[in-house]
Amino acid sequence: MTYCTGILVEQGLVMLGDTRTNAGLDNVSTFRKLHVYRGAGDRVLLLASAGNLSVSQSVVSLLAEGMENPDTGEVERLDSAASLFKAAQLVGRAVRSVRTIDGPGLEAANVTFDVSFLFGGQIRGGPMRLFMIYAAGNFIECGQDAPFLQIGEHKYGKPILDRAVKFSTDLYDALKIGLISMDSTMRSNLAVGLPIDIAVLRRDALEPEVVHRIEAGEPYFHDLRERWSAALRAAHMAIPRPPYEPRKS
Numbered sequence: 002m003t004y005c006t007g008i009l010v011e012q013g014l015v016m017l018g019d020t021r022t023n024a025g026l027d028n029v030s031t032f033r034k035l036h037v038y039r040g041a042g043d044r045v046l047l048l049a050s051a052g053n054l055s056v057s058q059s060v061v062s063l064l065a066e067g068m069e070n071p072d073t074g075e076v077e078r079l080d081s082a083a084s085l086f087k088a089a090q091l092v093g094r095a096v097r098s099v100r101t102i103d104g105p106g107l108e109a110a111n112v113t114f115d116v117s118f119l120f121g122g123q124i125r126g127g128p129m130r131l132f133m134i135y136a137a138g139n140f141i142e143c144g145q146d147a148p149f150l151q152i153g154e155h156k157y158g159k160p161i162l163d164r165a166v167k168f169s170t171d172l173y174d175a176l177k178i179g180l181i182s183m184d185s186t187m188r189s190n191l192a193v194g195l196p197i198d199i200a201v202l203r204r205d206a207l208e209p210e211v212v213h214r215i216e217a218g219e220p221y222f223h224d225l226r227e228r229w230s231a232a233l234r235a236a237h238m239a240i241p242r243p244p245y246e247p248r249k250s
């Protein structure tokens, strides 16, 4: 299992993804699930994946090779898409293409075609956008009212995002909240774990401001985890007890 989240705020975009992949407790591996695509100064794109690793890797490889447009015969790639929407459509086409090729074999082996992606960034002349792409190749877009999307094991890390993230949130506060969301998920699900890949894009910069891998033992993330745990304990102690305890006679 995995967990990835993307947070789109007024100042830019933050995306995080863990790297743990497991096929049982005795078969745990590390694979990059957050990919950064840099154009020739005219675009920066982020793609994070969750689900069946073989499927997601096939989609990423197909996007790297390019896909022929059935109408024009031209090979289309992420570095040539005219807009973020067109690029998201290309990712969806790649998902459907892999499903056509591998779906029957997976179904015969009783394996679910399970994959999802977060895809976002900016192309020169267009807005910064964030999409979630489903296993059918269709997608939805993140909006200002709920400025984040999640894939994978999302339920444990959602409450802090619901409560703390707004479109006006500072870009690096959004990164901090995303890391708290990741910590909450890691504490409740052993299938999600370090290292964590992070990327920060500032709106209109067209270059990643941060691309970093948080390894086990990194001081800041360790401190964040300890401080968040202490803050939760202090918060619940500060709230009055429920008034339902029977009175002693």
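Numbering-wise (my numbering), the sequence shown opens with residue 2 and increments by one. C-beta atoms are modelled at their ideal positions from N, C-alpha and C, and glycine is treated no differently.
Return the chain-ordered list of same chain residues with a C-beta closer than 6 Å to the C-beta of G38, the five sequence neighbours on each side being excluded.
-> Stepping through the sequence shown from its first residue, residue 38 is reached at position 37. First, the residue type needs correcting, since residue 38 is Tyr and not Gly in the sequence shown. Excluding its 5 nearest sequence neighbours in each direction, Y38 has C-beta neighbours in its own chain below 6 Å: L46 and L79, listed in chain order.
Does the separation of the CB atoms of L202 and G106 fall below 8 Å?
-> Walking along the sequence shown from the start, residue 202 turns up at place 201. Walking along the sequence shown from the start, residue 106 turns up at place 105. Judged by beta-carbon spacing, G106 lies beyond the 8 Å limit of L202, meaning their Cβ atoms are not closer than that value.
R94: first and last residue of the uninterrupted alpha helix (DSSP H) it sits in = Position 93 of the sequence shown, counted from the first residue, corresponds to residue 94. L85 to A109 is the extent of the alpha helix (DSSP H) around R94.
Answer with buried or exposed for V193, where buried requires no fewer than 16 other C-beta atoms within 10 angstroms of its C-beta.
-> Numbered from its first residue, the sequence shown carries residue 193 at position 192. Buried, by the Cβ-count rule.
Cutoff 7 Å; reference Y221; Cβ partners in own chain excluding five residues on either side = Indexing the sequence shown from 1 puts residue 221 at position 220. In its chain, beyond the 5 residues on either side, no residue has a beta carbon closer than 7 Å to the beta carbon of Y221.
For V10: DSSP bridge partner residues = Your numbering for residue 10 matches position 9 in the sequence shown. G13.
Between the C-alpha atoms of L9 and S250, what's the straight-line distance to the nearest angstrom?
-> As a working mapping, residue 9 is identified with position 8 in the sequence shown. As a working mapping, residue 250 is identified with position 249 in the sequence shown. Linking L9 to S250 through their CA atoms gives a straight-line distance of about 56 Å.
Range of the contiguous beta strand (DSSP E) that encloses E227 | Position 226 of the sequence shown, counting from 1, holds the residue named residue 227. No beta strand (DSSP E) contains E227, which is instead part of the alpha helix (DSSP H) from P220 to A239.
Out of A231, D103 and F118, point me to the one whose CA is closest to N111's CA.
-> Sequence index remark: in the sequence shown, residue 111 carries index 110 (1-based). Comparing Cα-Cα distances from N111 to each of A231, D103 and F118, the minimum goes to D103.
Check whether the Cβ atoms of H85 and R130 sit closer than 8 Å, and answer yes or no.
-> Reading the sequence shown from its first residue, position 84 is the one you call residue 85. Reading the sequence shown from its first residue, position 129 is the one you call residue 130. Contrary to the premise, residue 85 reads as Leu rather than His in this sequence. Yes.
Roughly how many angstroms lie between the CA atoms of L172 and P247, to the nearest whole one?
-> The sequence position of residue 172 within the sequence shown is 171, counting from 1. The sequence position of residue 247 within the sequence shown is 246, counting from 1. L172 and P247 have their C-alpha atoms some 48 Å from each other.
Identify the residues that DSSP records as bridge partners of E69: which are they?
-> As a first step, residue 69 is located in the sequence shown; it is residue number 68 there, counting from the start. DSSP output for E69 lists V76 as bridge partner(s).
Any contact of the stretch 184–200 with the stretch 153–164, i.e. 3+ C-beta pairs under 8 Å?
-> Yes, the stretch 184–200 is in contact with the stretch 153–164.
Can you check whether the CB of G144 is closer than 8 Å to the CB of T6?
-> Against the sequence shown, residue 6 aligns to sequence position 5. Against the sequence shown, residue 144 aligns to sequence position 143. Their beta carbons are not under 8 Å apart, which means T6 does not touch G144 by this criterion.
Nearest residue (CA-CA) to R44, options R125, G93, F132 and D184 | Walking along the sequence shown from the start, residue 44 turns up at place 43. Measuring from the Cα of R44, the nearest candidate turns out to be R125.
Are the beta-carbon atoms belonging to L195 and I181 less than 8 Å from one another?
-> Here residue 195 corresponds to residue number 194 of the sequence shown, with the count starting at 1. Here residue 181 corresponds to residue number 180 of the sequence shown, with the count starting at 1. Not in contact: L195 and I181 (Cβ atoms no closer than 8 Å).
Could you name the residues of the same chain whose beta carbon sits closer than 6 Å to that of V116, not counting the 5 residues immediately before and after it, in chain order?
-> Translated into positions along the sequence shown, residue 116 becomes position 115. Result list for V116: G52, N53, V56, S57 and A136, in chain order.
Could you have a look at D174 and say whether DSSP puts it in helix, strand or coil?
-> For the purposes of this step, residue 174 is identified with residue 173 of the sequence shown, where counting begins at 1. Reduced to three states, the DSSP call for D174 is helix.
The alpha helix (DSSP H) with D163 in it runs from where to where?
-> Position 162 of the sequence shown holds residue 163. Looking at the DSSP string, the run of the alpha helix (DSSP H) that includes D163 is K159 to A165.
Simplified DSSP state of L46, which is helix, strand or coil = Residue numbering aside, residue 46 sits at position 45 when the sequence shown is read from its first letter. In the structure shown, L46 adopts extended strand secondary structure according to DSSP, grouped into three states.
R203 by DSSP, collapsed to three states: which one?
-> The sequence position of residue 203 within the sequence shown is 202, counting from 1. Residue state, collapsed to three classes: strand.
Compare the C-alpha of T3 against each of F118, A83, R228 and F140 and name the closest.
-> As a position in the sequence shown, residue 3 is number 2, starting the count at 1. If we check each option's Cα against that of T3, F118 comes out closest.
CB of L207 within 8 Å of CB of G74, strictly | Stepping through the sequence shown from its first residue, residue 207 is reached at position 206. Stepping through the sequence shown from its first residue, residue 74 is reached at position 73. Against a cut-off of 8 Å, the Cβ pair of G74 and L207 comes out as no contact.
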